[in-house]
Every structure is written in structure tokens, then in C-alpha cells.
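Please read the structure below before turning to the comments.
2 protein chains.
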Amino acid sequence: MEQLFTYFRKFNSLSQGAEEAIAEISNSITIQKNNDLQSVGHTCKTIYFIKKGVARIYYLKDGIDITENFFFENNIIARVESLLTGRPSKKAIQILEDAEIISINADALFKLYDRFHEIERLFRKIFESAYVDTVNRIEGMQFHTAEERYKALLHEAPDVLKRVPLKYVASYLGITQVSLSRIRAHR
Amino acid sequence: MEQLFTYFRKFNSLSQGAEEAIAEISNSITIQKNNDLQSVGHTCKTIYFIKKGVARIYYLKDGIDITENFFFENNIIARVESLLTGRPSKKAIQILEDAEIISINADALFKLYDRFHEIERLFRKIFESAYVDTVNRIEGMQFHTAEERYKALLHEAPDVLKRVPLKYVASYLGITQVSLSRIRAHR
DNA sequence: GGTATTATTTATCTTATGATAAAGGATTAG
DNA sequence: CTAATCCTTTATCATAAGATAAATAATACC
């Protein structure tokens, strides 16, 4: 739990009472590589914090597996398009390295927003930050060649290329695995 | 002002005191077509509400004008990557149809978050909703041909194609104006 | 209302990436 | 340790989209 609270402090420090309230609605999970933490079609009611390991959000478009994003240790992961709308998610969360995870019950968390203004503020800031990351990612996707996007990833998030199978990286970059391989072969 | 409060009610209704507090930090602006409402390089400290008209956020990449997004009446517009981080924005806001706008002083607004929990909640919900839209847009950008993206726009936001010059639409779709023209000519 | 400017389309050529197939490598399971 | 499976690369061919240039259409300005 301490690792989670340390993460929280980067956004908004909580009182002990608020930390305890979150601890009460949280659970520890360990899960092995290649398993789905959450599967397609069910409404997301959980926010996860990755203590250790790697995960990705993915979905199937016309039967093709597409990675929306990767998540590493010390980060929150949630399928916001379901969590924040209450609609069933078309996406799944898959574990890519054996992981230790804290799950937070989102319904209970949202109820805590009324009791603890500071918790609402904390998650407001967390999601604002994720929102900014997403806006910046759109910029990276407009008017860049696949090679530029690959090089940017190599530069900005080399961990992805070291720890994640290339077949998942390709769809994240918006290209086929074969194209990615060609780009890596220098041209 | 009433038009803004009506918009707010879709997310979170405010008490009269909260509405008055927002009214105090807001101003009405009218601005003509083709002018920049906000220019590149300065830190965004304003949230705008469009009562009437059309606007876009754009930036220059290697001297090329790229549209990040379009905004129509009854919507909030802000350069969140600056507003929520305090960093200077690389983007500008341009008016595309003569507009009536309400500007809200963001520093003053964020101070109101302490006095009015309900205002913080309102804007939390507004930005969460915009976040979800942005996540969904990424999905649309991965693994779709330019033609599919054009047709999706035609279907989901025909107003864009009716009210906005095509040269701005092309970069929004991530293609050149010439490509867009070719796609419109059916193939 | 006519001219100048700006926006859009069309044409030609080039290139990056997709699709498919197959060969090597690497990893996993028994 | 071996076999089977899965991942990555390489090769070939087809095609969508970029770059550039020029023609046409629309809009704005005097």
C-alpha cells in the first residue's frame, strides 16, 4: 500500500483517514504473464495500480489485436472509456510480465469522493494528467511517418521495446508487425 | 451566461452561489472569423465556452498547419496541455465563424475549487468527458485508412465538413489536402 | 462588379506501408 | 533435450497516400 500512497503524493497528498479509507476498498493481486486481468465486454469497475510488472490495454478490430497503450510499474491503469461512462468496455487488460497489482473498487472510490474532498481532488489530478498524455499522443500520431513514431518511442519509452513483444508494439504504433520489422532493419 | 449554465447542468448542477461566483470571473467576447483567440507560445489561463460560432485548435509542425480539433457552439474549448500543466502552449485557437464566446479566468476558477466543491466536481466531470472523447479518437486513428476516417467524420460530425474549410479538415484527419480531395472524388 | 487572393481539384510520379508467404529464431511444454 | 508453438524477419507484389505542379472554383477586397 505504501507504494501506492507514494504514487498518490506526486499528485495530492492525503490525510491518514483518506489513505485508510482507500486501503479498505483495495486488494492485492498477483497475476501471471499472458493472462487477462480484465476481459472484453464487461463494465470496468476497477482502477488498478501496478506495483510490479507490465500490462497493456488492447482490443480487437475486425479480429485483429490492437494495443491501445502500455503500462509499467508505479502507474495507474484503467479502461477509462468504460470506467468514466458506465458503458461496457470493448477493451481488455492483459498482463505482459508477472505482476503485482493493487485493485481499487471504483464504485466505492467514487462514493468516497463525497466523504473526502481530497480523494476526489487526487483522482481529478490523476485523470487530468492522463488526459494531457493522451492529447499529446494524438499530436504524435498526426503527420508522422511510422519510422518517426518508432524512433520517438525508442527515445521516449525504450522500456516498451525492451520489455514488450514487438507484435504488440506494432499495433500501438499503428502499423503491422511486418512494417515494424522492416523499419527496425533500418529502412 | 444562462447558456453556459445550461451546458454545466449536463454534468453537474450548481447552486446559485456557485453560478454567481463563476459569473464574476467570466467575460463575454465577440470575435470575427479567421482571428486567433489565443496565440502560440503563451501559457493558457483561460477556458472558453462557445455560445455561437466555430473554432479550432491548431499548431505548426515544421511550418505546416495542423488542426488538432474543432469546436462548435455549446462546448468548452481549452488548450489542456497548457492549462493543466502550466507550461506554455505550442498551440493556438483560431475562430472559423464569427463567434460569441464566454471566457473564464482559469486561475480564479481553480481557486473557486476550494470554496465550492461542486465547481471542482463540475470541471472534473467536464474534463473526464473530454478525456474519454480523446481516448476514443485515438482508437479511430489506429488502423483506419484515410478514407475510413473521412467517412467516419462524414457520419459522426457532418457539421465539420459543412462549416470548416477542407484544408483544415485534412490535417485533422492526418492527411494532406490533396489526398482528402482525391478521397472525396470517390477514390 | 471585377480583380486578386485563397481554396479545391486534378494529374503525374514516387514512396511507404499493407498483404501474403515463407524462412529463421526464440520460447515453452512435455 | 526435443518437439511444437510462437515471434520476428525477409521477400515479393499491390496500393494508398505524399510531393509537386497546374488548372479550376470560390471568396474577399477594392
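Heads up: the sequence lines are chains G and R, in that order. Our numbering numbers the first residue of the first sequence as 1 and each following residue consecutively. Our numbering numbers the first residue of the second sequence as 188 and each following residue consecutively. Glycine included, every Cβ here is placed at the ideal spot set by N, Cα and C. Keep in mind it's a predicted model, so treat the numbers as computed, not measured.
query                                                                                                                    : result
Euclidean distance between Cα positions of Arg124 (chain G) and Glu73 (chain G)                                          : 21 Å
Closer than 8 Å to chain G by CB, Asn199 (chain R)                                                                       : no
Candidates R:Glu305, R:Ala208, R:Pro275, R:Tyr318, of which the one nearest Asn199 (chain R) by Cα                       : R:Glu305
Span of the alpha helix (DSSP H), counted from its first residue to its last, around Val160 (chain G)                    : 158-163
Residues near His144 (chain G) in its chain [Cβ-Cβ closer than 8 Å; skip 5 each side]                                    : Ala152
Test: Arg187 (chain G) CB closer than 8 Å to a CB of chain R                                                             : In this predicted model, Arg187 (chain G) has a pLDDT of only 49, less than 50, meaning its place in the structure is not dependable enough to derive any value.
Where Ile212 (chain R) sits in the DSSP three-state scheme                                                               : coil
Closer than 8 Å at the beta carbon, the chain R residues around Leu166 (chain G)                                         : The contacting residues do not exist; Leu166 (chain G) stays about 16 Å from chain R at best.
Rounded separation between Thr363 (chain R) and Lys354 (chain R) - CA only                                               : 8 Å
Three or more C-beta pairs below 8 Å linking the region 15-32 of chain G and the region 73-85 of chain G                 : no
Backbone CA spacing between Phe192 (chain R) and Glu206 (chain R) [nearest angstrom]                                     : 7 Å
Distance CB(Gly41 (chain G))-CB(Pro88 (chain G)) smaller than 8 Å                                                        : yes
Neighbour flag for Ala317 (chain R) against chain G, beta carbons, 8 Å                                                   : yes
Exposed unless 16 or more other CB atoms sit within 10 angstroms - verdict on Ala106 (chain G)                           : buried
Inter-stretch contact at 8 Å, needing at least 3 Cβ pairs: the region 133-140 of chain G / the region 308-322 of chain R : yes
Buried or exposed (CB count within 10 angstroms, at least 16 for buried), Leu296 (chain R)                               : buried
Ser181 (chain G), buried or exposed, once every other Cβ within 10 Å from all chains shown has been counted against 16   : exposed
Element boundaries [beta strand (DSSP E), containing Gln225 (chain R)]                                                   : 223-225
Cβ-based burial, Glu315 (chain R) [other Cβ within 10 Å; buried from 16]                                                 : buried
Cβ-Cβ distance between Leu283 (chain R) and Lys220 (chain R) below 8 Å                                                   : yes
Helix, strand or coil at Thr145 (chain G) [DSSP, three-state]                                                            : coil
Same chain, Cβ closer than 7 Å to Ser226 (chain R), five either side skipped, listed in chain order                      : Ala279
Distance, Lys298 (chain R) Cα to Arg187 (chain G) Cα                                                                     : Bear in mind that a pLDDT of 49 at Arg187 (chain G), under 50, signals an unreliable position, so the number given afterwards is only what the model happens to contain. The straight-line gap from Cα to Cα measures roughly 52 Å.
Alpha-carbon spacing of Pro345 (chain R) relative to Ser358 (chain R), whole angstroms                                   : 16 Å
Residue-level contact to chain G via CB, Val267 (chain R), 8 Å cutoff                                                    : yes
Cβ neighbours of Val347 (chain R) in the same chain (closer than 7 Å, five flanking residues each side left out)         : Phe257, Leu340, Val356
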